[in-house]
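Student: Below is a structure I'd like to ask you about.
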C-alpha cells in the first residue's frame, strides 16, 4: 500500500470516529432544530428564511433570540446586535481552539471556525487535552452531521409548524424562556455565577419596565458583565499572570 | 432583497466574526487582562438571564411552575431532561389555569 493511500484511509477512519462522537449532539439538538423552524414561521419567517438562517448562522440560541425579537418588531440592527451578543461566547472558543488547528491550511481553518459550536469546542478541546492531534477529517466528522441535521430539522419544523393549531395550549410561546433558563443553569459552576445572574436579572427587569424592550437585554447583560469586571479578579477565579 | 434576508446575512456575518474573532485577537496578544477575562466569563450568564427574568416576571402560575420544575431538574439532569420536564409542566398547567 502506498503512503498516500494509507493516509487517505487514516483520514476516513478519523472522519467516522468524529461522526460517532457527533451522534449524541445530533440527538440532543433535534427538538431544538424542529422548534426553531416552528417558532421562526410563528414569528413571521418563511420556510426558506428559516432554512437560510440555520444554514448561515448555525447557532441555536442566537437564532431563537433573533426570531423572538423579529416577532416583537424590534429594529433590524438591534436584532443583529442581539445575535452578536448571544454568540459572543464563541470569541472565547475561537481563542482556545486556535492553537489546536493552527497546523491546518487556511481554507480548512476558515471552515472549521464556521462550525465552531459549544459541543464542537468541548469535544475537540477534550481530544487535544488527551494529547491527540485535532485533524480536519475528524473535526468535520464531528461537525458535519450536526450541521446537516440542524438545517434539515429547521426546514422540517418550519413546514410542520404551520400545522400546529393551538400554540398556546402546547406552550410553544413560553418554551424559549424555559430553554434559556436551562442554558443559564448550565453555567452555574462558573465563579461569580449567582451575583452575575442576580445583577443581570434585576437590571433587565428594571430596564424592561422603564426603558422597554429590547434594550433590557443589552442593559441587563452589561450590568452582569460590569459586575464581574469591577470585582477584584480573584473573585472570578482568574489569576493575574506574569 | 427583503429586510428579513438582510437580518439573516448580517446575523451570519456577526456570528462568523465571533467564531473567528477570538483567534484573530488572541494570536496578536500574549496576555488577556484578568478583568477582561472575568468579564468575558460572565457573558453567557449575563446575556441569557436577561432573556428569562422579564419573561418570568410577566408570566402567570403555569409558567412559574414550569420554570421552577425546569430549574430543579437542571440541578441533576442535562439540558434535554430539564427542557422536557419544563415543557411538560407548562402544557399540563395550562390545561387548568390557561
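Protein chains in written order, with this note's numbering: chain A, 11 to 252; chain B, 200 to 297.
Ideal Cβ placement from N, Cα and C applies to all residues, glycine included.
Would you check if the region 234-249 of chain B and the region 129-136 of chain A touch, i.e. whether three or more CB-CB distances between them fall below 8 Å?
Tutor: These segments do not touch.
Student: Using the beta-carbon of each residue, which ones in chain A are nearer than 7 Å to residue 282/B?
Tutor: 188, 189, 192, listed in chain order.
Student: Of the residues 203/A, 237/A, 213/A, which one's Cα is nearest the Cα of residue 228/A?
Tutor: Closest by alpha carbon: 213/A.
Student: How many Å lie between residue 65/A and residue 33/A at the Cα?
Tutor: If you take the alpha carbons of residue 65/A and residue 33/A, they lie about 19 Å apart.
Student: Determine whether the Cβ of residue 275/B lies closer than 8 Å to any Cβ atom of chain A.
Tutor: Residue 275/B does not count as touching chain A.
Student: Within 8 Å of any Cβ in chain B, is that where the Cβ of residue 23/A sits?
Tutor: Taking Cβ atoms only, chain B never reaches closer than 8 Å to residue 23/A, which makes this a no.
Student: Quick check: the Cα distance between residue 38/A and residue 171/A, rounded to an integer number of angstroms?
Tutor: Approximately 19 Å, taken between the alpha carbons.
Student: Using a C-beta to C-beta distance shorter than 8 Å, which residues of chain B count as neighbours of residue 97/A?
Tutor: Neighbours of residue 97/A on chain B, chain order: 213, 214, 217, 218.
Student: Using 8 Å as the cut-off, can you tell me whether the region 104-123 of chain A makes contact with the region 38-49 of chain A, which would need three or more C-beta pairs spanning the two stretches below that distance?
Tutor: Cβ pair count under 8 Å is below three, so no.
Student: Does residue 246/B come within less than 8 Å of chain A when only Cβ atoms are used?
Tutor: Chain A, which has a Cβ nearer than 8 Å to the Cβ of residue 246/B, makes this yes.
Student: Determine the DSSP secondary structure at residue 18/A, reduced to helix, strand or coil.
Tutor: It is helical.
Student: Would you identify the three-state DSSP class for residue 115/A, choosing helix, strand or coil?
Tutor: Three-state result, residue 115/A: coil.
Student: Check the C-beta distance from residue 69/A over to residue 159/A and give it rounded, since I have them as a contact under 8 Å.
Tutor: Contact flag wrong, Cβ pair sits at about 15 Å.
Student: Count the other CB atoms, across all protein chains shown, that sit within 10 Å of the CB of residue 24/A; report buried if there are 16 or more and exposed otherwise.
Tutor: So residue 24/A ends up on the buried side.
Student: For the pair the region 239-246 of chain A and the region 226-241 of chain B, tell me if three or more CB-CB distances fall below 8 Å.
Tutor: Cβ pair count under 8 Å is three or more, so yes.
Student: With DSSP run on the structure shown, which of helix, strand or coil describes residue 252/A?
Tutor: Only weak support is given to the placement of residue 252/A: the predicted model assigns it a pLDDT of 39, under 50, and the value that follows is read from those uncertain coordinates. DSSP places residue 252/A in coil when its eight states are reduced to three.
Student: Pairs of beta-carbons, one from the region 66-86 of chain A and one from the region 203-217 of chain B, closer than 8 Å: are there three or more?
Tutor: With a cut-off of 8 Å, the region 203-217 of chain B and the region 66-86 of chain A count as touching, because enough Cβ pairs lie within range.
Student: Along chain B, in chain order, which residues have C-beta atoms closer than 7 Å to that of residue 181/A?
Tutor: Within 7 Å Cβ-Cβ: 286, 289, 290, 293.
Student: Applying a beta-carbon distance threshold of less than 7 Å, which residues of chain A neighbour residue 234/B?
Tutor: Correct list: 239, 243.
Student: Does chain A have any CB closer than 8 Å to the CB of residue 260/B?
Tutor: Residue 260/B does not count as touching chain A.
Student: Can you pull the chain A neighbours of residue 263/B, defined as C-beta to C-beta under 7 Å?
Tutor: Neighbours of residue 263/B on chain A: none; closest Cβ ~10 Å, over 7 Å.
Student: If we ignore side chains and look at the alpha-carbon of each, how far apart do residue 179/A and residue 262/B end up?
Tutor: Each residue's alpha carbon lies about 12 Å from the other.
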